[in-house]
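What follows is one structure encoded as structure tokens, with my remarks underneath.
Residue numbers (full-length UniProt numbering): 1 to 93.
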């Protein structure tokens, strides 16, 4: 006998595919952003090693702050993947 309650089987293959697409888009966006930021900093500071250090510090600090904020928000959201999509769209505009 089948019950009408929802199954606890887990995510479907289409949900895995959608999540994979989101992660891929985030990775591409991060690489492009990092490349542009590093190039601009090197041009502005005439290619010094201090520029490399400052850019990498800012990048890693931003990742740490974003991860901390995202981790706290993720536990409060009913559908965290929609929050991720919203942030990606806002960053791309």
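Every residue, glycine too, gets a C-beta built ideally from N, C-alpha and C.
{"Query": "Cβ pair count under 8 Å reaching 3, the segment 49-63 against the segment 20-39", "Result": "yes"}
{"Query": "Where residue 21 falls, given that 16 or more other Cβ within 10 Å makes a residue buried", "Result": "exposed"}
{"Query": "First and last residue of the uninterrupted alpha helix (DSSP H) at residue 77", "Result": "Note, residue 77: premise wrong, no alpha helix (DSSP H); not H, not E."}
{"Query": "Straight-line gap, residue 65 to residue 92 (C-alpha atoms, nearest Å)", "Result": "19 Å"}
{"Query": "Residue 33 in three-state terms, based on DSSP", "Result": "helix"}
{"Query": "Three-state secondary structure assigned by DSSP to residue 46", "Result": "coil"}
{"Query": "Assigned exposure category for residue 60 - 16 Cβ within 10 Å defines buried", "Result": "exposed"}
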